[in-house]
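Written out below as structure tokens is the structure these notes cover.
2 protein chains.
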Amino acid sequence: MELLKVDSLEKALEKLTDKSMGIKPETKKIKIENALGRIIAEDVISGENVPGFRRSTMDGYAVLASDTVGAGESMPVFLKVVGNVEMGEDSAIEIKAGQCAYVPTGAMIPDGATAVVMEEYCEKFSEDQIAVYQSAADGTHVVEADEDVARGEKILQRGRRIKPQDMGLLASVGHTEIEVYKSWTCYIISTGDELIDPDEPPQKGKVRDVNTYGLIGMAASLGFEIKGFEKIKDQEELLEDAVERGKNAADIVIVSGGSSKGKKDATAKILDKLSSSGVFTHGIAVKPGKPTILAVDEPSNSILAGLPGHPVAALIVFRQIIGALWNHKTGAEEELSTMAQIDTNLASSPGRKTFQLVKLTHTEEGNIATPVLGKSGLIYTMTKADGYIVIDRNLEGLKAGEKVKVYYI
Amino acid sequence: MELLKVDSLEKALEKLTDKSMGIKPETKKIKIENALGRIIAEDVISGENVPGFRRSTMDGYAVLASDTVGAGESMPVFLKVVGNVEMGEDSAIEIKAGQCAYVPTGAMIPDGATAVVMEEYCEKFSEDQIAVYQSAADGTHVVEADEDVARGEKILQRGRRIKPQDMGLLASVGHTEIEVYKSWTCYIISTGDELIDPDEPPQKGKVRDVNTYGLIGMAASLGFEIKGFEKIKDQEELLEDAVERGKNAADIVIVSGGSSKGKKDATAKILDKLSSSGVFTHGIAVKPGKPTILAVDEPSNSILAGLPGHPVAALIVFRQIIGALWNHKTGAEEELSTMAQIDTNLASSPGRKTFQLVKLTHTEEGNIATPVLGKSGLIYTMTKADGYIVIDRNLEGLKAGEKVKVYYI
């Protein structure tokens with residue numbers, strides 16, 4: 000492993016994308032009722048028109064609009080009722096001038112009819128005649144056969160994260176199954192002589208393993224599946240064994256922990272040894288999150304990442320690097336964000352991209368973002384934030400009142 | 000069932016809350032690694048300080064800050080190195096005036112020391128002496144024993160929807176399990192003679208069952224579990240049997256479909272018959288979504304709701320009524336929303352709350368909300384929207400440039 004200089008976030012992602020070119024997320028077909036939140040793996044083209052026939056949007060009478068010209072409250076038009084369309088039936092009748100047929104909401108409009116007059120504006124006049132007290136324009140209360148979806152239309156795009164309404168839309172065009180990307184699998188390793196498990200009693204000098212649980216949550220929030228997790232002492236042989244287990248088990252192997260240089264170098268050495276690419280990024284120009292290490296192992300189809308020990312940094316870098324790579328490979332939309340106005344001056348670290356946690360408030364003026372400040376490494380500060388902003392590396396900070404993009408966390 | 004007048008959304012929710020008082024979501028303990036997105040059922044109080052001991056945030060030397068007064072690049076202070084604190088160890092030494100000890104990032108700071116000087120500003124001078132080229136104030140690069148979390152502090156509140164960082168925080172204070180609300184279970188019934196299943200070939204007059212799949216997605220997005228779903232013809236006996244099956248299977252029984260008055264009355268009649276409360280809301284002053292029916296059956300602990308056939312209305316009303324009731328009963332935060340500026344004049348329906356789908360765009364000026372217009376009943380319009388706004392019943396509409404709250408969908 001050669002000595003590497005620190006990469007920008009963009010450069011690190013570009014290298015990772017390039018080196019992992021051979022690693023392609025697999026796809027599978029699933030039933031639409033199980034598809035919420037999954038990423039669509041192919042564009043969905045409708046093979047049909049929806050609704051497929053002209054439909055009424057009201058309970059009323061299907062008429063020729065031209066027959067109703069001049070109709071009004073004091074001057075009804077009289078039409079002959081030639082039928083009564085039942086819900087769900089193919090209306091066989093054809094409406095000619097002077098005729099009409101009853102149609103309930105959602106039923107098929109008979110051929111010939113061009114509009115629907117709501118029944119409130121109609122009155123039964125004789126056994127087979129009604130008086131119409133309102134004029135209708137062509138198309139009134141009519142949904143055209145291809146008005147919801149037209150045959151051949153691309154209704155959902157590859158990369159779409161499936162929402163409830165998409166499940167309804169897929170049902171409407173007869174797609175009962177959908178090709179989605181298989182979730183990436185993750186194996187999470189936390190290292191550190193100072194780490195104890197959450198169920199151990201507290202000890203002087205030791206802290207509980209926070210990163211494993213935060214990273215499990217972050218991976219799950221991106222839709223990834225956790226294949227395993229373990230906590231190990233800072234020993235190269237232990238790390239080597241753990242990374243081997245991770246490579247066999249999962250697509251993504253995360254090693255988190257160690258902020259000291261010696262530890263990071265040990266992690267880099269192991270990831271270098273166990274990857275086909277070797278370590279190609281050793282340090283990223285972000286704050287917090289500098290000690291990030293990236294490598295790819297093509298024989299096992301796995302991505303190896305050393306993340307900072309700093310819990311906030313580990314979670315954000317996981318999303319900014321591994322999440323971004325997933326989005327890139329699946330065509331998925333960027334994570335949810337919103338615009339807000341920062342309410343205070345904020346210094347950043349020129350030359351490094353700064354991630355700043357913020358709390359969001361809704362006001363009459365729009366969204367207000369208030370920085371959540373806290374010493375490096377404190378997980379509690381992150382639970383008080385609604386999101387984070389990214390301050391560009393060529394800025395020295397932000398001025399109160401500036402508009403910022405907030406990524407929800 | 001008496002004849003009922005249309006309720007406001009608030010009134011309908013108030014009645015539903017009142018009538019369902021006896022129905023309380025159950026709770027259960029789950030492991031924190033499986034807790035993402037669940038609603039916490041009790042406040043979480045930390046029983047410990049975190050980190051529990053004074054910790055260094057840098058690789059460096061633990062010193063008495065008072066010893067470094069006046070130290071600078073050209074005027075070092077000389078200190079005696081009396082120890083080397085290992086990561087994860089209880090540092091037994093005590094630092095006295097003129098002394099120091101090496102501490103790696105994250106390690107325990109020995110008693111007596113009040114600050115850490117980064118190793119970059121120190122130089123080995125002799126076997127057991129260093130030169131310090133920087134002065135440090137008390138507390139520099141030191142995290143206090145209770146700085147992340149203090150014993151007795153309420154760190155997470157009942158009703159919190161668990162985020163990745165919360166999972167880390169819970170681990171840090173030794174909570175390996177967390178009491179959460181059990182998901183509500185849902186049974187979804189779509190009614191209509193015009194409905195065919197998504198896997199059936201299209202037929203004139205028939206449309207595929209959209210609502211079942213949209214509602215499955217919406218229920219899942221609220222964390223509910225789907226116990227079953229079925230599509231039935233418009234016959235009272237069939238509906239009665241289906242609702243009975245739903246009551247036995249689930250907490251929430253949804254009947255969707257039918258926009259015509261006759262159908263709605265049939266649904267209301269069955270829900271009235273099969274509920275202990277009887278139907279107490281029959282129609283809500285919202286647009287779209289008026290034909291909403293509510294009842295509660297205490298013997299089976301179930302909530303019965305008739306939702307509009309209109310797919311967009313069905314999804315939004317489900318969230319605004321059933322989702323809101325869930326939030327109320329669990330103390331959960333309101334669904335995610337953001338502020339935006341509406342970019343066009345928009346008419347609403349005075350006397351009714353109007354739900355308007357919008358698309359969101361991020362600009363230098365903030366979030367812009369553009370109404371997504373489309374004929375009533377078209378599901379495709381909803382897939383083009385990022386959220387919806389709620390226009391109050393006493394407004395006649397909105398003016399371009401007004402600030403609105405957008406609920407993400």
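Those protein sequence lines, which keep their order, are chains A and B. Residues in the first sequence are numbered consecutively from 0, following my numbering. Residues in the second sequence are numbered consecutively from 0, following my numbering. Beta carbons: idealized from backbone N, C-alpha and C, even for Gly.
Straight-line gap, residue i to residue j (C-alpha atoms, nearest Å)
i	j	result
I94 (chain B)	I283 (chain A)	36 Å
T184 (chain A)	D385 (chain A)	27 Å
Q355 (chain A)	Y387 (chain A)	5 Å
F52 (chain B)	G82 (chain B)	18 Å
A323 (chain A)	T266 (chain B)	48 Å
E152 (chain B)	K268 (chain B)	52 Å
K205 (chain A)	P290 (chain A)	22 Å
L394 (chain B)	S348 (chain B)	8 Å
R159 (chain A)	S7 (chain A)	28 Å
P287 (chain B)	D17 (chain B)	25 Å
S45 (chain A)	V285 (chain B)	32 Å
G253 (chain A)	L238 (chain A)	Checking the sequence shown, residue 253 (chain A) turns out to be Ile, not Gly. C-alpha separation (whole angstroms): 11 Å.
E297 (chain B)	A149 (chain A)	46 Å
V403 (chain A)	D198 (chain B)	46 Å
F124 (chain A)	S90 (chain A)	24 Å
E119 (chain A)	A130 (chain A)	11 Å
D147 (chain B)	T56 (chain B)	13 Å
V357 (chain B)	D271 (chain B)	36 Å
N366 (chain A)	K383 (chain A)	17 Å
Q164 (chain A)	L335 (chain A)	18 Å
S65 (chain B)	V84 (chain B)	21 Å
L359 (chain A)	E401 (chain A)	14 Å
Segment limits, alpha helix (DSSP H) that includes residue i
i	result
Y120 (chain B)	Premise fails: Y120 (chain B) is in no alpha helix (DSSP H) and is neither H nor E.
D198 (chain B)	Here D198 (chain B) belongs to no alpha helix (DSSP H), and DSSP marks it neither H nor E.
K14 (chain B)	L8 to K18
I315 (chain A)	P310 to V316
Which listed residue (the options) has its alpha carbon closest to that of residue i
i	options	result
I187 (chain A)	A:G305, A:G36 and A:E41	A:G305
G222 (chain A)	A:K10, A:K18 and A:P24	A:P24
E32 (chain A)	A:A114, A:F279, A:I161 and A:E143	A:I161
D391 (chain A)	A:E401, A:V405 and A:T353	A:T353
P310 (chain A)	A:W325, A:G167, A:G46 and A:T380	A:T380
E364 (chain B)	A:M217, A:K358 and A:M338	A:M338
H281 (chain B)	B:I292, B:K272, B:L273 and B:S275	B:I292
L377 (chain A)	A:G308, A:T360 and A:E401	A:G308
K28 (chain A)	A:Q202, A:E126, A:E178 and A:I225	A:E178
N247 (chain A)	A:D196, A:M74, A:L303 and A:E122	A:L303
Residue range of the beta strand (DSSP E) that includes residue i
i	result
Q355 (chain A)	K352 to T362
Y180 (chain A)	E176 to Y180
G82 (chain B)	V76 to N83
N326 (chain B)	No beta strand (DSSP E) holds N326 (chain B); the alpha helix (DSSP H) holding it covers A323 to T329.
M338 (chain A)	S336 to I341
V254 (chain B)	I251 to S255
S73 (chain A)	From DSSP, S73 (chain A) is part of no beta strand (DSSP E); its letter is neither H nor E.
Q128 (chain A)	Q128 to V131
T139 (chain A)	From DSSP, T139 (chain A) is part of no beta strand (DSSP E); its letter is neither H nor E.
Near the ligand ADP: residue i beta-carbon under 7 Å from a heavy atom
i	result
A130 (chain A)	Ligands in the displayed structure: none, and consequently the ligand ADP is not present.
What residues in the stretch 168-184 of chain A bring their beta carbon closer than 8 Å to a beta carbon of chain B? L168, L169, A170, S171, V172, G173, H174 and T175
Is the number of C-beta pairs between the stretch 333-351 of chain B and the stretch 364-384 of chain B that are closer than 8 Å three or more? yes
Cβ contact (3+ pairs, closer than 8 Å) linking the stretch 51-62 of chain A and the stretch 110-129 of chain A: yes
Are at least three pairs of beta-carbons, each pair with one atom in the stretch 319-332 of chain A and one in the stretch 228-247 of chain A, less than 8 Å apart? no
Using a Cβ-Cβ cut-off of less than 9 Å, list which residues of the stretch 198-222 of chain B approach chain A; keep chain order. D198, E199, P200, P201, Q202, K203, G204, K205, V206, R207, D208, V209, N210, T211, Y212, G213, L214, I215, G216, M217, A218, A219 and S220
Contact list for the stretch 338-349 of chain A against chain B, Cβ threshold 9 Å: M338, A339 and Q340
Positions along the stretch 132-158 of chain A whose CB lies within less than 8 Å of some CB in chain B: V142, E146, D147, V148, I154 and L155
Can you find at least 3 beta carbon pairs, one from the stretch 311-322 of chain A and one from the stretch 40-56 of chain A, that sit closer than 8 Å? no
What residues from the stretch 263-292 of chain A come within 7 Å of chain B, judged by C-beta to C-beta, listed N to C? none
Against chain A: residues of the stretch 30-46 of chain B by CB proximity under 7 Å: I31, E32 and L35
Below 8 Å, can you find three or more Cβ-Cβ pairs linking the stretch 70-88 of chain A to the stretch 133-148 of chain A? yes
Going along the stretch 317-334 of chain A in order, which residues come within less than 8 Å of chain B, judged by CB to CB distance? none
Can you pull out the residues from the stretch 73-100 of chain A whose beta carbon lies closer than 9 Å to at least one beta carbon of chain B? V84, E85, M86, G87, E88, D89 and S90
Beta carbons nearer than 8 Å to chain B: which residues of the stretch 395-408 of chain A have them? K402, K404, Y407 and I408
Quick one: which residues of the stretch 226-248 of chain A get their C-beta closer than 8 Å to a C-beta of chain B? List them in chain order. F228 and D233
Quick one: which residues of the stretch 103-116 of chain A get their C-beta closer than 8 Å to a C-beta of chain E? List them in chain order. The structure shown contains no chain E; its protein chains are A and B.
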